[in-house]
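Protein sequence lines, in the order shown, are assigned to chains A and B. Letter 58 of the first sequence, counting from 1, is numbered 58 in UniProt numbering, and no numbers are missing. Letter 419 of the second sequence, counting from 1, is numbered 419 in UniProt numbering, and no numbers are missing. Using N, Cα and C, we set each Cβ at its ideal position, and we do this for glycine too. In this text, all values refer to a predicted model and were calculated from it rather than measured experimentally.
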Amino acid sequence: MQILKLIAQRVALGIMLLFAVSVLIFAGTEILPGDVAASILGQSATPQALENLRRELGLNEPAITRYFTWLGGVLTGDLGTALSNRMDIATSIWPRLKNTLFLAFWAAVVSVPLALILGMLAVRYRNGWIDKTISGFALASTSLPEFFIGYVLIFFFAVKLNWFPSFSTVHDAMPFLDRMKAIALPATALTLVVLAHMMRMTRAAILNVMQSAYIETAELKGLSQLDIIRRHAFPNAIAPIVNVIMLNLAFLVVGVVVIEVIFVYPGMGQYLVDHVTKRDVPVVQAVGLIFAAVYITLNMIADIAAIVSNPRLRHPR
Amino acid sequence: MATPTPSNSDNLLEIRNLKIEATSYPPGEPPRDITIVHGVSLSLKRGRVLGLIGESGAGKSTIGLSSMAYGRGGVRITGGEVLLNGRDILKSGRGGIRKIRGREVCYVAQSAAAAFNPAHKLMDQVVEAALQHGVVNRAEAEGRAKALFQKLSLPDPENIGNRYPHQVSGGQLQRVMTAMALCSEPDLIVFDEPTTALDVTTQIDVLAAIKDAIRDTGVAALYITHDLAVVAQIADEIMVLRHGELVEWGETQQIINEPKQDYTRDLVAVHQIDHSEKTATSAPLLSVKNVTAAYAGGVVQVLKNVSVDIHPGQTLAVVGESGSGKSTLARAITGLLPPMEGSIEFEGRTLAKRLSDRKREDLRELQMIYQMADVAMNPRQTVADIIGRPLEFYFGMRGKERDARVAELLDKIEMGKGFADRYPAELSGGQKQRVCIARALAAKPKLIICDEVTSALDPLVANGILRLLLDLQAEEDVAYLFITHDLATVKSIADSIAVMYRGEVVRYGPKSKVLTPPFDDYTDLLLSSVPQMEVGWLEKAISGRRMASAGN
Chain A
1 MQILKLIAQR
11 VALGIMLLFA
21 VSVLIFAGTE
31 ILPGDVAASI
41 LGQSATPQAL
51 ENLRRELGLN
61 EPAITRYFTW
71 LGGVLTGDLG
81 TALSNRMDIA
91 TSIWPRLKNT
101 LFLAFWAAVV
111 SVPLALILGM
121 LAVRYRNGWI
131 DKTISGFALA
141 STSLPEFFIG
151 YVLIFFFAVK
161 LNWFPSFSTV
171 HDAMPFLDRM
181 KAIALPATAL
191 TLVVLAHMMR
201 MTRAAILNVM
211 QSAYIETAEL
221 KGLSQLDIIR
231 RHAFPNAIAP
241 IVNVIMLNLA
251 FLVVGVVVIE
261 VIFVYPGMGQ
271 YLVDHVTKRD
281 VPVVQAVGLI
291 FAAVYITLNM
301 IADIAAIVSN
311 PRLRHPR
Chain B
1 MATPTPSNSD
11 NLLEIRNLKI
21 EATSYPPGEP
31 PRDITIVHGV
41 SLSLKRGRVL
51 GLIGESGAGK
61 STIGLSSMAY
71 GRGGVRITGG
81 EVLLNGRDIL
91 KSGRGGIRKI
101 RGREVCYVAQ
111 SAAAAFNPAH
121 KLMDQVVEAA
131 LQHGVVNRAE
141 AEGRAKALFQ
151 KLSLPDPENI
161 GNRYPHQVSG
171 GQLQRVMTAM
181 ALCSEPDLIV
191 FDEPTTALDV
201 TTQIDVLAAI
211 KDAIRDTGVA
221 ALYITHDLAV
231 VAQIADEIMV
241 LRHGELVEWG
251 ETQQIINEPK
261 QDYTRDLVAV
271 HQIDHSEKTA
281 TSAPLLSVKN
291 VTAAYAGGVV
301 QVLKNVSVDI
311 HPGQTLAVVG
321 ESGSGKSTLA
331 RAITGLLPPM
341 EGSIEFEGRT
351 LAKRLSDRKR
361 EDLRELQMIY
371 QMADVAMNPR
381 QTVADIIGRP
391 LEFYFGMRGK
401 ERDARVAELL
411 DKIEMGKGFA
421 DRYPAELSGG
431 QKQRVCIARA
441 LAAKPKLIIC
451 DEVTSALDPL
461 VANGILRLLL
471 DLQAEEDVAY
481 LFITHDLATV
491 KSIADSIAVM
501 YRGEVVRYGP
511 KSKVLTPPFD
521 DYTDLLLSSV
531 PQMEVGWLEK
541 AISGRRMASA
551 GN
């Protein structure tokens with residue numbers, strides 16, 4: 001089957017990309033100036049102590065050997081040990097990754113359907129005041145920087161109204177509802193940031209399809225505008241929309257650094273920022289690789305969705 | 001509100017004094033309102049078929065769609081009444097109009113391939129209107145649809161509904177669309193050029209299927225077409241329109257046999273150009289020898305061992321239905337699709353297979369004209385730029401010299417100097433095609449490949465283009481490779497003819513020989529499928545057919 005071959009190609013391509021990215025990440029951190037041993041021991045360290053630490057950390061091995069040692073570890077679930085606090089990276093990342101995914105998931109659950117519905121409404125009332133209001137609001141929320149939106153939300157909903165906490169501290173034992181309450185503000189901020197892009201793309205993709213002759217056929221069957229958009233235009237506009245949705249979902253996972261810092265949310269972003277300042281190379285590599293994997297996987301899903309949504313490929317002659 | 005006028009209860013549809021306007025946006029000028037339909041009135045009794053006929057821009061589709069209170073592409077119904085089943089649907093509001101569309105009036109579009117949603121199964125689309133209006137439940141609707149598929153002689157009526165639009169052929173799709181229109185058992189169906197996009201061999205089957213379906217269901221119909229011979233087979237009455245006004249309206253017999261108006265007489269008259277055949281020379285200009293060509297790296301063979309000759313100053317017509325390989329032959333000759341086997345000789349020398357390997361002189365001597373004149377021209381260049389480009393490219397002409405030659409060429413295509421500064425968007429279809437002809441002539445070619453150059457034009461305009469091509473051939477001694485599916489134009493222009501079928505030349509020779517019996521089966525099918533301006537031709541043709549069309 002042609003379609004399975006196409007999908008297999010995309011998956012293989014994704015895996016190859018991931019390996020390429022791992023090389024890039026490793027090379028990138030190699031090129032960075034400075035030395036981990038020196039930054040751990042500080043300026044006053046003796047050459048002998050530096051040498052000892054380097055040997056202990058395996059920094060004297062050739063780069064290619066270290067790359068394959070690292071890659072082998074990654075493939076077996078061992079992300080190495082953090083240099084700064086000597087903790088196992090995999091065990092410290094896991095709860096943070098869960099937190100980031102939890103926040104991203106709920107932001108996506110709100111923003112994706114909302115963007116699609118608003119996009120379809122904008123098409124239904126195109127060029128009227130509803131369309132202009134939706135587009136204006138969405139564009140305004142995107143043009144504002146995310147930290148600004150975050151602080152505005154904190155000011156009104158945490159400080160003035162006192163509805164939600166301004167610190168989104170979560171821990172494992174927290175009941176679900178408390179957890180939801182804690183992430184309400186960061187999730188809202190993220191939704192506002194990603195909404196416009198998806199909504200505008202939905203609107204543009206559907207409007208493009210609305211020119212087709214089969215839309216006229218539907219209109220001449222006596223269907224209402226919303227039914228036409230929902231049943232006849234939307235299914236043919238899926239491919240470009242899914243692409244933009246996946247880009248934004250990826251942003252929800254990897255682009256949350258600022259929001260996590262503002263709301264003091266214990267996710268990947270904060271973890272990354274903490275360790276970048278400590279020059280903790282293994283952590284930066286691990287987080288970079290996870291972020292790259294998220295991006296590549298989501299884009300691969302978008303490609304596959306575009307293939308599957310094409311009836312010509314799904315049902316060959 | 002105007003007082004409701006009592007209507008004749010026999011009439012299903014009554015259009016009174018219909019006025020339709022649109023806003024046009026001419027380049028470089030402020031938008032202005034133009035009237036497309038100037039107060040046309042018509043009436044249609046239950047179960048009758050009225051043919052609306054006229055050239056493009058006559059307003060026939062616009063009038064047809066007004067029976068569904070629909071204006072295509074920003075067109076506005078600004079005056080008059082449209083009474084359907086005794087009430088004015090223009091006054092029934094959005095919701096009221098939606099209840100009529102797909103229930104009382106259904107629509108069959110020109111291109112079914114574009115009018116079906118590629119994302120849904122045929123059955124879902126066929127029953128959609130019936131379900132939308134609550135006429136029947138899903139099971140009954142599907143039963144109806146299958147019965148209609150059967151009636152329209154579609155293959156495998158039980159299961160064809162499970163297919164997607166891209167999985168069935170154009171002719172079948174057009175019949176499925178007719179089934180879709182009939183499924184909610186409407187009182188009226190608007191057929192908008194339903195067979196125009198089909199091959200002649202397929203058109204005849206679809207036409208017969210539509211005619212039977214209309215007769216058996218007793219539905220009334222507005223049948224819109226520019227082809228009088230087609231409408232003569234189906235309509236009870238014919239209305240001739242021109243520039244949005246009524247020219248003549250009468251029974252089909254009367255319009256075909258005793259037209260009263262000059263314009264109708266012009267339409268009915270057969271526009272045959274008497275073209276006497278030239279005899280072949282001993283040295284052909286272009287010689288295609290045993291050419292085999294394929295797409296997808298040799299997998300899909302589209303030309304199989306094709307050999308034809310074109311003689312200097314003469315015309316070879318290549319005829320066949322879509323998919324027969326006629327345009328591929330042109331692509332092979334021009335080097336766009338390098339042949340796998342065989343050779344192409346031009347003036348005694350062998351041409352390089354690939355376009356990129358050919359010399360500029362070879363390119364100059366072999367020019368092309370396309371079916372769609374408007375997409376073959378850069379919309380942002382003036383006519384002078386378009387015609388002047390080959391003059392600069394091949395002859396290095398500049399400035400006054402170029403302008404003089406452009407004026408000369410404009411004169412040759414019977415267009416004045418005033419057109420030099422116009423843009424393609426300001427020209428009519430026929431004028432655009434003339435500019436394309438001038439552009440091809442500018443290179444002083446020895447051979448012009450004409451790919452369906454008159455197919456998109458109205459019959460009278462097409463006739464003018466054919467005459468022009470013949471005059472130019474006499475003046476410039478240029479040879480034509482004339483690709484067409486229309487046998488009438490072949491008779492008017494060809495010296496020799498090649499009939500193609502599934503990538504092979506099945507009949508080839510001088511025009512007089514090819515068009516004289518005995519015919520092979522395919523040529524017979526092709527010739528017998530051309531609609532004749534004669535009531536009752538369809539039935540005769542169907543019963544006399546010897547071979548089924550490949551399109552089905």
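(Q) Does H171 of chain A pass the burial test, meaning 16 or more other C-beta atoms within 10 Å, or should it be called exposed? (A) One-based indexing of the first sequence puts residue 171 of chain A at position 171. When all chains shown are included, H171 of chain A counts as exposed.
Exercise. Roughly how many angstroms separate the alpha carbons of A213 of chain B and A69 of chain B, rounded to a whole number?
Worked result: One-based indexing of the second sequence puts residue 213 of chain B at position 213. One-based indexing of the second sequence puts residue 69 of chain B at position 69. Distance between the alpha carbons of A213 of chain B and A69 of chain B: 25 Å.
- Task: Could you please tell me which residues of the segment 125 to 141 of chain B, in chain order, have their CB closer than 7 Å to any CB of chain A?
- Result: Answer in chain order: E128, A129, Q132 and H133.
- Would you be able to state if there are at least three C-beta pairs under 8 Å between the segment 472 to 486 of chain B and the segment 309 to 329 of chain B? Touching, yes, given that three or more Cβ pairs across the two stretches are closer than 8 Å.
Check your understanding: Where do the ends of the alpha helix (DSSP H) carrying G79 of chain B lie?
Key -> Along the second sequence, read from residue 1 onward, the residue named residue 79 of chain B stands at position 79. Judged by DSSP secondary structure, G79 of chain B falls outside any alpha helix (DSSP H) and instead within the beta strand (DSSP E) spanning R76 to L84.
query = If contact means a Cβ-Cβ distance below 9 Å, which residues of the segment 392 to 409 of chain B contact chain A?
reply = Taking 9 Å as the Cβ-Cβ cut-off against chain A, none of the residues of the segment 392 to 409 of chain B qualify.
Is the segment 201 to 216 of chain A close to the segment 276 to 292 of chain A, with three or more CB pairs under 8 Å? No: the two stretches stay apart, fewer than three of their Cβ pairs being nearer than 8 Å.
Skipping 5 residues on each side, what residues in its chain have a beta carbon closer than 8 Å to that of T3 of chain B?
Here residue 3 of chain B refers to the residue found at position 3 when the second sequence is read from its first residue. In this prediction, T3 of chain B has a pLDDT of 40, which is less than 50 and means its spatial position is unreliable; what the coordinates show is noted afterwards. For T3 of chain B, where only same-chain residues beyond five positions count, there are no Cβ hits under 8 Å.
Check: If we ignore side chains and look at the alpha-carbon of each, how far apart do A237 of chain A and A139 of chain B end up?
Finding: Your numbering for residue 237 of chain A matches position 237 in the first sequence. Your numbering for residue 139 of chain B matches position 139 in the second sequence. Per the coordinates, the alpha-carbon of A237 of chain A lies some 30 Å from the alpha-carbon of A139 of chain B.
Classify N378 of chain B as helix, strand or coil using the three-state DSSP reduction. As a working note, residue 378 of chain B is residue 378 in the second sequence. Coil.
By the 10 Å Cβ neighbour count, where 16 or more other Cβ atoms means buried, how is P424 of chain B classified, buried or exposed?
-> As a position in the second sequence, residue 424 of chain B is number 424, starting the count at 1. Burial state of P424 of chain B is buried, judged by a 10 Å Cβ sphere holding 16 or more other Cβ atoms.
Based on Cα-Cα distance, which residue from B:V240, B:P312, B:A197 and B:K19 lies nearest to D33 of chain B? Within the second sequence, the letter at position 33 stands for residue 33 of chain B. Ranking B:V240, B:P312, B:A197 and B:K19 by Cα distance to D33 of chain B puts B:K19 first.
Item to check | Beta-bridge pairing of R507 of chain B - partner residues as DSSP gives them | outcome: Position 507 of the second sequence holds residue 507 of chain B. In the DSSP output, where bridge partners are listed per residue, R507 of chain B has B:V499.
(message) Taking 7 Å as the limit between beta carbons, can you name the residues of its chain near F147 of chain A, skipping five residues before and five after?
(response) Residue numbering aside, residue 147 of chain A sits at position 147 when the first sequence is read from its first letter. In the same chain as F147 of chain A, and ignoring 5 residues on each side of it, the C-beta atoms closer than 7 Å to its own belong to V258 and I262, in chain order.
Next on the checklist: Measuring straight from C-alpha to C-alpha, what distance separates V126 of chain B and A306 of chain A?
Outcome noted: Indexing the second sequence from 1 puts residue 126 of chain B at position 126. Indexing the first sequence from 1 puts residue 306 of chain A at position 306. Each residue's Cα considered, the two are about 26 Å apart.
Worksheet item: Mind checking whether V505 of chain B and V308 of chain B have CB atoms under 8 Å apart?
Response: Position 505 of the second sequence, counting from 1, holds the residue named residue 505 of chain B. Position 308 of the second sequence, counting from 1, holds the residue named residue 308 of chain B. Closer than 8 Å, so yes.
Practice prompt. Please confirm if K91 of chain B has its CB atom under 8 Å from at least one CB of chain A.
Written response: Here residue 91 of chain B refers to the residue found at position 91 of the second sequence. Any Cβ of chain A closer than 8 Å to the Cβ of K91 of chain B would place that residue at the interface, and such an atom is absent.
Check your understanding: Looking at the unbroken beta strand (DSSP E) that takes in F482 of chain B, where does it start and where does it end?
Key -> In the second sequence, residue 482 of chain B corresponds to position 482, counting from 1. Note, F482 of chain B: beta strand (DSSP E), A479 to T484.
- Taking 8 Å as the CB-CB limit, is L223 of chain A close to chain B? Along the first sequence, read from residue 1 onward, the residue named residue 223 of chain A stands at position 223. Closer than 8 Å to some Cβ of chain B, the Cβ of L223 of chain A qualifies, so yes.
Q | Chain-ordered neighbours of M68 of chain B on chain A, where CB pairs are closer than 7 Å | A | If you number the second sequence from 1, residue 68 of chain B lands on position 68. Proximity of chain A to M68 of chain B at the Cβ level (cut-off 7 Å) is accounted for by L220, in chain order.
*In terms of alpha-carbon separation, which member of A:H315, A:P316, A:V308 and A:R312 lies closest to A8 of chain A?*
In the first sequence, residue 8 of chain A corresponds to position 8, counting from 1. Of A:H315, A:P316, A:V308 and A:R312, the residue nearest in Cα terms is A:V308.
Task: Listed by chain order, chain A residues near A109 of chain B by CB distance under 7 Å - done: Taking the first residue of the second sequence as position 1, residue 109 of chain B is located at position 109. What A109 of chain B touches in chain A: A213 and T217.
Pairwise C-alpha distance: P282 of chain A and L101 of chain A:
Numbered from 1 along the first sequence, position 101 holds the residue referred to as residue 101 of chain A. Numbered from 1 along the first sequence, position 282 holds the residue referred to as residue 282 of chain A. Their Cα atoms are separated by approximately 22 Å.
Open item on the list: If we require 4 or more residues per run, which alpha helix (DSSP H) segments fall completely within the segment 228 to 310 of chain B?
Closed with: Within the segment 228 to 310 of chain B, the complete alpha helix (DSSP H) runs of at least 4 residues are 228 to 234, 252 to 257 and 262 to 268.
query = With a CB to CB cut of under 7 Å and the five nearest residues on each side skipped, what residues in its chain are close to A376 of chain B?
reply = By 1-based counting over the second sequence, the position of residue 376 of chain B is 376. The answer, listed in chain order, is Y370 and C436.
Counting Cβ pairs, one atom from each stretch, are 3 or more of them under 8 Å apart for the segment 442 to 457 of chain B and the segment 352 to 367 of chain B?
As far as the Cβ criterion goes, the segment 442 to 457 of chain B touches the segment 352 to 367 of chain B, which means the pair count is three or higher.
**Study point:** Minimum C-alpha distance to T142 of chain A - residue among A:S111, A:A104 and A:N208
**Key:** Locating residue 142 of chain A in the first sequence gives position 142, where the first residue counts as 1. Checking every option, the nearest Cα to that of T142 of chain A belongs to A:S111.
Notebook entry, point to check: Would DSSP call A541 of chain B helix, strand or coil?
Noted result: What you label residue 541 of chain B is simply residue 541 of the second sequence in a count that begins at 1. In the structure shown, A541 of chain B sits in a helix (DSSP, three-state: H, G or I).
By Cβ distance below 8 Å, which residues in the same chain neighbour H133 of chain B in space, the five residues on each side in sequence not counted?
Residue mapping note: residue 133 of chain B aligns to position 133 of the second sequence, counting from 1. If we look at H133 of chain B and ignore the five residues flanking it on each side, its Cβ neighbours are K99, G102, R103 and S184.
Practice item. Could you tell me whether the Cβ atoms of T297 of chain A and G14 of chain A are closer together than 8 Å? Key: Position 297 of the first sequence, counted from the first residue, corresponds to residue 297 of chain A. Position 14 of the first sequence, counted from the first residue, corresponds to residue 14 of chain A. In this structure, G14 of chain A lies closer than 8 Å to T297 of chain A by Cβ.
- prompt: Are the C-beta of G102 of chain B and some C-beta of chain A separated by less than 8 Å?
  reply: Position 102 of the second sequence, counted from the first residue, corresponds to residue 102 of chain B. Taking a beta-carbon distance threshold of 8 Å, G102 of chain B counts as an interface residue toward chain A.
Margin query: Quick check on P311 of chain A - is its C-beta less than 8 Å from some C-beta in chain B?
Written below: Along the first sequence, one-based indexing puts residue 311 of chain A at 311. So yes, P311 of chain A belongs to the interface.
Contacting residues, own chain, Cβ-Cβ under 6 Å from L17 of chain A (five flanking each side not counted):
One-based indexing of the first sequence puts residue 17 of chain A at position 17. In its chain, beyond the 5 residues on either side, I296 have a beta carbon closer than 6 Å to the beta carbon of L17 of chain A.
So is G59 of chain B buried or exposed if we call it buried at 16+ other beta carbons inside 10 Å?
-> Taking the second sequence and counting its residues from 1, one reaches residue 59 of chain B at position 59. Taking all protein chains shown into account, G59 of chain B has 16 or more neighbouring C-beta atoms within 10 Å of its C-beta and is therefore buried.
Review point. Counting along the chain, where does the beta strand (DSSP E) carrying F164 of chain A start and finish?
Key: Walking along the first sequence from the start, residue 164 of chain A turns up at place 164. Per DSSP, F164 of chain A belongs to no beta strand (DSSP E) and is neither H nor E.
Query raised in the report: Taking the alpha carbon of R312 of chain A as the point to measure from, which residue in B:V530, B:N117 and B:S41 has its own alpha carbon closest?
Result: The residue labelled residue 312 of chain A in the question sits at position 312 within the first sequence. The shortest Cα separation from R312 of chain A among B:V530, B:N117 and B:S41 belongs to B:N117.
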